[in-house]
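So the structure is just underneath, and the comments pick up after that.
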Amino acid sequence: MRSDTVVLVVAFGYLALLFVIAAWADRRAEQGRSLIGSPTIYALSIAVYCTAWTFYGSVGRAAVYGPSFLLIYLGPTLAMLVSPLLIRKMVRIARAQRITSIADFISARYGKSDGLGALVAMIALLGITPYIALQLKAITLSHAILTQYPASPANVLADAGFWNDKSFWVALVLAVFIILFGTRHLDASERHEGMVTAIAFESLVKLVAFLAVGIFTVFVLYNGPGDLFARAAAHPELTQALSLERVPGGALGWVGMLVLATLAFLTLPRQFQVLVVENVDEDHIRRASWLFPLYLLVINLFVIPVALAGVLLGDAAFSPDSFVLTLPLAAGLDGLPLLVFIGGLSAATGMMIVETIALSTMVSNHLVMPLLLRSSWIHLGSRLSGRQGELTGWLLGIRRVAIVLILLLGYLYHALIGDAYSLVTIGLVSFAAATQFAPAMLIGMYWRGATRAGAACALLSGIAVWAYTLLLPGFAQSGWLDMALLNDGPFGVEWLRPYALFGLEDWDIYTHSLFWSLLVNVGSLIGVSLFTRQSRLEQTQAALFTEAMHPGLMHRTPLWQGQTTLEELRELLSRYLGTPATLRILAEEQRQADVGTPQPASPALIARAERALAGALGNASARVLINSVVRGEALDLDAVLSILDTTSQTLEYNRRLKQKSQELTTISEELRAANERLRELDRLKDEFVAMVSHELRTPLTSIRAFAEILRDSDSLPEDKRRHFLDVVVHESQRLSRLIEEILDLARLESGRLTLHPQRLDLADLTRRSADAVLRVQEERGVTLTVDIPSSPADVIGDPDRLEQVIINLLDNASKFAADEDGRVRLALSRHKHHWRLSVEDNGPGISEAERERVFEKFHQLERQDGGDAPARGRPRGSGLGLPISRGIIAHLGGRLWVEDGPTLGGACLIMELPQAPESDTTSG
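For the sequence shown, numbering that gives the first Met the number 0 assigns the number 0 to the initial residue and increments by one for each residue that follows.
As structure tokens, this is what we get:
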């Protein structure tokens, strides 16, 4: 199953499947059923970040440098956390300016400079070629291991010519794929539906393949992660190899690698392509901001286990970069290694497809096209041919030739120098090159003062330091340069050694290169910008980039004050874009134009034409072409700022109107709520008056009835007369207590209740209160148990009011104790810095729903055993005692609440008061 023929059939069958998927996606797009309109597809396409480096090299780096591999993925995670702010702004700028690549982005920011765009394109070619070589190296090595294991791949590759190198033929197949699905239209800013769908599919394939080998390693080769880590722990040197101390450069290396990965994620041409150019909806960024980091987490889940298993396997695992393949091969499997090979192939080809499209666009738009525009041959040839749109096919041809040359250049680097570095090392060299774009791009998005001269100096100085500190040492290690350059420095000057520049010893080589290159890069950008002036176009573009998040500003700003005719504009567009595209651009203007009369082109149409040309040829070339037919100048900075001020004022007015509307809505809601409260207060007032009237009427009615009996019955026996007089006295006392309770409640609610707080012994006060009600409790057949400490319980309170509260609690407890063998327990204890007094009965208790209602005015508690009143002989209360008691305790800084009785099982009312502070004086 691992024969060369089978592997080739499967590999090229997989590539053929990519063709089918891309063609199917393009067909759906033509039918108006786009697949890339899904935020999930967008997030998966961003996973093109996970190349052969991730698939093979992460395990290799983990085996050698421990957890440092995680930094390569923490960087993108950090970038995605700020994506709703940063990447959203990049997408909005790119959509408004018809940006086609990162070179076009930087060129457009600095006055649509063709020289700056060409510089970025050349740096990208120089820095990314090693990265393409990395993918080809991974394909070559993985194929050799798969087909020749257990023979060493080095022996097999040493005797093979390029015609036997499978990566060479893969590169040619990919060239065909990219030409078919990446250059179907001249407009590079248009979405590549088929390519993006294929890349999303490849992201799933490599994820499944890596998870498969990880699960096999942990659960088949070993009995779960516990077994694997236990065996690794038996080798102290292996445990040490995976510790944080193994991170190159220590803490500085950790920070440096994190910064490197974060910036590279934003500036690598392929990442810019999928993040910005291929984005169809800004809202997709929201899902990608968590789904892509989740993808990175899952695909790296088994990196450490696979690295441990590979090291434990020993020499049979070959180099750490090949552990992913050699582990299942050493176990005697055939199917899983083939799946792993396809996963690595998908990781490599996905990167090569997107990177080549991005680079070919830069080469054609910023290197070739500016040269052609400076040549009179291209204009003369188009006029002599007489065929509109002839240049469209010619320019597409340039882009397709660039694709083939870029892939062949990557293969050449792989063949000549690739063996000197590991997979991860090649990737990090390219990462460091791509980060040189970050200052010009990111600072330019937020600082209006950055100039074209500053950006050019920054890029040149930064890439020069990168080449000196990383690229030249690579040539030396490959034997192309003398190793004395690394060991002794140029001309023997040690402080110019590439890996220890200016004496900076013991740094990780990538952190060292990043530090010096970004230092001179940022320093040059800021320093030169402060001492150079911007052109009018630079000022305009700077304003549009820095203020890009103002809604509608980019689209509502026509950038031309010059004039041209509709016919001149039509001729220009037809020559470079073809007749169909020209008709779409001019459709609205042509419907309104008078036949046979030269019509001036509106500023909006000129701007639309420039954007269309920018999508096909880049911003710099589009500006040159528009300048060739428009007489006049572009909109200057003052005009743009005026538009910006108007837009800002409109937004401010809208914001104020919205704020006032919200305030009116809030006031309306508050008035409605206040009206409801007033109605509720009216209802409560009516209920209160009715309750008070009822409670007062009951004893008054009783007094009046017995008084009339005593008045009208002269012959009543003496014992009857005395009994009736006792009832009158009792009801009078009850009426007096009720009136006093109503007055207390009124004082509490109005805040006029007069208290006389003083230091007192709550234990002594509780004993006196218990003695006062003891006889009443006995008459009701209730046994009172008292548990009070002998030591003082000092609190601050009003003794009369506290005694009123305690007696009220005891009285309530005796009313609701059990009918048979009623018992009440009174206890006082310390709780933290408070004293708690609890009154518990053995009655039916109080339900959860009633525990707050018992503190409402006139609320009469129904017995839990089905009765609606206390037992016979126990008088019903007014329903004011507990509300008054809670109010008194609250005024004294305490609390009163209900719980289940812990001892007797009934209700338990608890009063809590703060402990009195220590006294500073002694009583005489």
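Think of the CB as a built atom: it goes at the ideal place given N, C-alpha and C, for glycine as much as any other residue.
- Item | CB contact flag (residue 260, residue 433, <8 Å) | Translated into positions along the sequence shown, residue 260 becomes position 261. Translated into positions along the sequence shown, residue 433 becomes position 434. For the 8 Å CB-CB criterion, residue 260 and residue 433 do not form a contact.
- Can you name the residues that DSSP bridges to residue 895? Here residue 895 corresponds to residue number 896 of the sequence shown, with the count starting at 1. Partner(s): 910.
- Task: At 4 residues or longer, and completely inside the segment 216-266: list those alpha helix (DSSP H) runs for me, N to C.
- Result: Entirely contained in the segment 216-266, the alpha helix (DSSP H) runs reaching 4 residues are, in chain order, 224-232, 235-240 and 249-266.
- Task: Please classify residue 67: is it buried, with 16 or more other beta-carbons within 10 angstroms of its beta-carbon, or exposed?
- Result: Position 68 of the sequence shown, counted from the first residue, corresponds to residue 67. Its Cβ being crowded by 16 or more others within 10 Å, residue 67 is buried.
- Query: Can you check whether the CB of residue 275 is closer than 8 Å to the CB of residue 90?
  - Reply: Locating residue 90 in the sequence shown gives position 91, where the first residue counts as 1. Locating residue 275 in the sequence shown gives position 276, where the first residue counts as 1. Closer than 8 Å, so yes.
- Item | Cβ shell of residue 489 (< 6 Å), same chain only, five flanking positions each side left out | Along the sequence shown, one-based indexing puts residue 489 at 490. Counting only Cβ-Cβ distances below 6 Å, and skipping sequence neighbours, we find 495.
- Query: Based on Cα-Cα distance, which residue from 818, 97, 103 and 656 lies nearest to residue 778?
  - Reply: Numbered from its first residue, the sequence shown carries residue 778 at position 779. With distances taken between CA atoms, residue 778 lies nearest to 818 out of 818, 97, 103 and 656.
- From the DSSP output, which residues share a beta bridge with residue 758? Looking up residue 758 in the sequence shown gives position 759. Residue 758 is bridged by DSSP to 795.
- Task: Could you give the DSSP three-state label for residue 826: helix, strand or coil?
- Result: Here residue 826 refers to the residue found at position 827 when the sequence shown is read from its first residue. DSSP places residue 826 in the strand class (E or B) of the three-state scheme.
- Tell me whether residue 834 sits in a helix, a strand or coil according to DSSP, three-state version. The residue labelled residue 834 in the question sits at position 835 within the sequence shown. It is a strand residue.
- From 714, 739 and 708, pick the residue whose C-alpha is nearest to that of residue 724; which is it? The residue you call residue 724 lines up with position 725 of the sequence shown. That would be 708, whose Cα lies nearest to the Cα of residue 724.
- Item | Burial state of residue 234, where buried means 16 or more other Cβ atoms lie within 10 Å | Taking the sequence shown and counting its residues from 1, the one referred to as residue 234 is at position 235. Label assigned to residue 234: exposed.
- Item | Where residue 905 falls: helix, strand or coil (DSSP) | Counted from its first residue, the sequence shown places residue 905 at position 906. Correct three-state label for residue 905: coil.
- Message: With distance defined between alpha-carbon atoms, name the residue in 703, 148, 5 and 828 nearest to residue 789.
- Response: Locating residue 789 in the sequence shown gives position 790, counting from the first residue. Here the closest residue by C-alpha is 828.
- Message: So, does the segment 335-354 touch the segment 70-77, judging by three or more C-beta pairs under 8 Å?
- Response: Here the segment 335-354 makes no contact with the segment 70-77; the two share fewer than three CB pairs at distances below 8 Å.
- What residue from 915, 917, 896 and 18 has the CA that sits closest to residue 908's CA? Mapped onto the sequence shown, residue 908 falls at position 909. Residue 896 is the option with its Cα nearest to residue 908.
- Item | residue 279 (DSSP reduced to helix, strand or coil) | For the purposes of this step, residue 279 is taken as residue 280 along the sequence shown, with counting starting at 1. Residue 279 falls in the coil class under three-state DSSP.
- When you compare only the Cα positions, how much space is there between residue 252 and residue 440? Translated into positions along the sequence shown, residue 252 becomes position 253. Translated into positions along the sequence shown, residue 440 becomes position 441. If you take the alpha carbons of residue 252 and residue 440, they lie about 25 Å apart.
- Are residue 256 and residue 50 touching if we call contact CB-CB under 8 Å? Reading the sequence shown from its first residue, position 257 is the one you call residue 256. Reading the sequence shown from its first residue, position 51 is the one you call residue 50. Against a cut-off of 8 Å, the Cβ pair of residue 50 and residue 256 comes out as no contact.
- Considering only residues of the same chain and omitting the five flanking positions on each side of residue 287, which have a CB-CB separation below 8 Å? Mapped onto the sequence shown, residue 287 falls at position 288. When the five nearest sequence neighbours on each side are left out, the beta carbons in the same chain lying within less than 8 Å of the beta carbon of residue 287 are those of 38, 41, 42, 45, 79 and 82, in order along the chain.
- Task: Could I get the ranges of all uninterrupted alpha helix (DSSP H) runs contained in the segment 98-129, with 4 residues as the minimum, in chain order?
- Result: You should have 101-108.
- With burial defined as no fewer than 16 other Cβ atoms inside 10 Å of the residue's Cβ, what is the status of residue 365: buried or exposed? Within the sequence shown, numbered from 1, the residue matching residue 365 stands at position 366. Residue 365 comes out buried.
- Rounded Cβ spacing between residue 821 and residue 784 (contact assumed at less than 8 Å): Within the sequence shown, residue 821 is the residue found at index 822, counting from 1. Within the sequence shown, residue 784 is the residue found at index 785, counting from 1. Here residue 821 is actually not in contact with residue 784; their C-beta atoms are around 12 Å apart, not less than 8 Å.
- Item | Beta-carbon separation (whole angstroms), residue 398 vs residue 359, contact threshold 8 Å | One-based indexing of the sequence shown puts residue 398 at position 399. One-based indexing of the sequence shown puts residue 359 at position 360. About 5 Å; that satisfies the 8 Å criterion.
- Query: Would the segment 301-309 and the segment 222-229 be scored as touching if the rule is three or more Cβ pairs under 8 Å?
  - Reply: Touching, yes.
- Using the C-alpha atoms, what's the distance from residue 885 back to residue 677? For the purposes of this step, residue 677 is identified with residue 678 of the sequence shown, where counting begins at 1. For the purposes of this step, residue 885 is identified with residue 886 of the sequence shown, where counting begins at 1. Straight-line measurement puts the Cα of residue 885 at about 25 Å from the Cα of residue 677.
- Query: Looking at the structure shown, is residue 14 part of a helix, part of a strand, or coil, going by DSSP?
  - Reply: To locate residue 14, count along the sequence shown from 1; it is residue 15. Note: residue 14 maps to helix in three-state DSSP.
- Item | Sequence-distant residues of its chain with Cβ nearer than 6 Å to residue 443 (five each side left out) | The residue labelled residue 443 in the question sits at position 444 within the sequence shown. For residue 443, where only same-chain residues beyond five positions count, the Cβ hits under 6 Å are 108 and 449.
- Message: Tell me the rounded alpha-carbon separation between residue 527 and residue 454.
- Response: Start at 1 with the first residue of the sequence shown, and residue 527 comes out as number 528. Start at 1 with the first residue of the sequence shown, and residue 454 comes out as number 455. Their Cα atoms are separated by approximately 8 Å.
- Message: Rounding to the nearest angstrom, what Cα-Cα distance links residue 809 and residue 772 in this structure?
- Response: Along the sequence shown, one-based indexing puts residue 809 at 810. Along the sequence shown, one-based indexing puts residue 772 at 773. Distance between the alpha carbons of residue 809 and residue 772 is about 8 Å.
- Query: Are the beta-carbon atoms belonging to residue 792 and residue 770 less than 8 Å from one another?
  - Reply: In the sequence shown, residue 792 corresponds to position 793, counting from 1. In the sequence shown, residue 770 corresponds to position 771, counting from 1. No.
- Query: With distances taken between CB atoms, is the gap from residue 912 to residue 756 smaller than 8 Å?
  - Reply: As a position in the sequence shown, residue 912 is number 913, starting the count at 1. As a position in the sequence shown, residue 756 is number 757, starting the count at 1. Against a cut-off of 8 Å, the Cβ pair of residue 756 and residue 912 comes out as no contact.
- Helix, strand or coil for residue 783, going by three-state DSSP, please let me know. Your numbering for residue 783 matches position 784 in the sequence shown. Strand, per DSSP.
- Item | Continuous alpha helix (DSSP H) stretch holding residue 351: start and end | Here the question's residue 351 lines up with position 352 in the sequence shown. 334-361 is the span of the alpha helix (DSSP H), which, as asked, contains residue 351.
- Where residue 201 falls: helix, strand or coil (DSSP): Here residue 201 refers to the residue found at position 202 when the sequence shown is read from its first residue. Collapsing the DSSP output to three states places residue 201 in a helix.
- Applying the criterion that 16 or more other CB atoms from any shown protein chain within 10 Å of the CB defines a buried residue, is residue 506 buried or exposed? If you number the sequence shown from 1, residue 506 lands on position 507. Label assigned to residue 506: buried.
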